[in-house]
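A.B. asks: Taking our numbering, the leading residue of the sequence shown gets 18, the next gets one more, and so forth.
Even glycine gets a Cβ: it sits at the ideal position worked out from N, Cα and C.
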Amino acid sequence: MGKIIKIGLTIGVVNLLVGLALNQTLSYLVPALAAEYQNTALFRPVTDPLMTLFFLYPFIVGLALAYFWSIFGKEIKGKTGVEKAWNFAKIYFLIATVPGMFISYTSFQISALMVGVWTLSGLVEAFIAGWLLAKNK
């Protein structure tokens, strides 16, 4: 159980940093995306104390993925760590990211651009998690 917590928290740290970097970069490149994040009718303002909990999300996902890997990791196919990471990312992406982005787009007033950015970020972060898990078997 300690190994699951350790790798899960590691995934959380790495994916938090990757997510922040991707968000900053894409918001800089596409100012309309940055403006959409400022819509307080949809998102809590950054100054809202509850927003601090937002930063727990990558750790919760990291722990859940580490636990999933501990049960099913041997079943993930691939000759190399990168192949296993990609196969793991595809599974997570299809099970969680695609349905989550579909429901987000259909139920919230967010742009297709934002959903696309979140979808791409989800795939990148799932791959990173898979790579870290495969590396730490």
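Can you give, in chain order, each stretch of the alpha helix (DSSP H) that sits fully within the stretch 58–134 and has at least 4 residues?
C.D. replies: The qualifying runs are 74–89, 98–109 and 115–124.
A.B. asks: I need the DSSP call for residue 23, collapsed to helix, strand or coil.
C.D. replies: Residue 23 sits at position 6 when you count from the first residue of the sequence shown. Three-state result, residue 23: helix.
A.B. asks: Is the distance from the Cβ of residue 29 to the Cβ of residue 76 below 7 Å?
C.D. replies: Position 12 of the sequence shown, counted from the first residue, corresponds to residue 29. Position 59 of the sequence shown, counted from the first residue, corresponds to residue 76. Cβ distance < 7 Å, so residue 29 and residue 76 count as in contact.
A.B. asks: With 16 as the cutoff for other CB atoms within 10 Å, does residue 88 come out buried or exposed?
C.D. replies: The sequence position of residue 88 within the sequence shown is 71, counting from 1. Exposed, by the Cβ-count rule.
A.B. asks: Cα separation between residue 100 and residue 115?
C.D. replies: Within the sequence shown, numbered from 1, the residue matching residue 100 stands at position 83. Within the sequence shown, numbered from 1, the residue matching residue 115 stands at position 98. Looking at the two C-alpha atoms, the distance is approximately 21 Å.
A.B. asks: Below 8 Å, how does it come out for the stretch 124–139 and the stretch 45–54: are there three or more Cβ pairs, yes or no?
C.D. replies: At 8 Å Cβ cutoff, the stretches touch.
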